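Using our numbering, the letters of the sequence shown map in sequence onto residues -11 to 121.
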Amino acid sequence: MLQKRIEEGDFECFLAAVYETNRQLIVLCPKYNYMALFFFKQSRPTKKIITKIETAFHAYQIMKGTHSRQFKKVQWVYPKCYGGQGEGDDCGLLVMRHMLEIIKLDIIDSFEKVFNMVRPYSENDIVVVRRHW
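Structure below.
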């Protein structure tokens, strides 16, 4: 399904909420061969997720006429973002909050500059996020 959306859509980026062991936000930018992963707990994407994303990006490159020997490696970026979650579903709320910020700021790159959090969300921040969503 991911590959089909990338092939059919003419978008700069795709925002995807992924749930494996906890909620993560993945920002896919196939035109720039760029991928940002926001994880709110200390977990990296599984090999399965990485393979799916890289396969979809390679299909996009083929569709755009790139020969397989010229494939560019997907650039993975991991902006700093801390959860500081209290309740179980707060992680999902933080994913939505980050999606909203990305859309409001209209950014497609420099995620590590915009989202360079040096501290976890405070309990007050979490309360505000819960109230907003």
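Each residue gets a CB set at the ideal place from its N, CA and C atoms; glycine is no exception.
Computed from a predicted model, the values in this text were never measured in an experiment.
Below 8 Å on the Cβ atoms is my contact criterion, and I expect residue i with residue j to pass it. Report the Cβ-Cβ distance as a whole number of Å.
i	j	result
Glu42	Lys19	With a Cβ gap of about 16 Å, Glu42 and Lys19 do not count as contacting.
Ala5	Val115	Actually they are not in contact, since the Cβ atoms of Ala5 and Val115 sit about 21 Å apart, beyond 8 Å.
Taking C-beta to C-beta, are residue i and residue j nearer than 8 Å?
i	j	result
Met87	Leu16	no
Gln23	Gln63	What sits at residue 23 in the sequence shown is Met, not Gln. In contact: Met23 and Gln63 (Cβ atoms closer than 8 Å).
Lys60	Asn21	yes
Val117	Arg85	yes
Does the Cβ of residue i have 16 or more other Cβ atoms within 10 Å, making it buried, or fewer, making it exposed?
i	result
Leu25	buried
Ile91	exposed
* Asked: Which parts of the stretch 26 to 58 are runs of the alpha helix (DSSP H), unbroken and 4 residues or longer, counting only runs that do not cross its ends?
  -> 35 to 51
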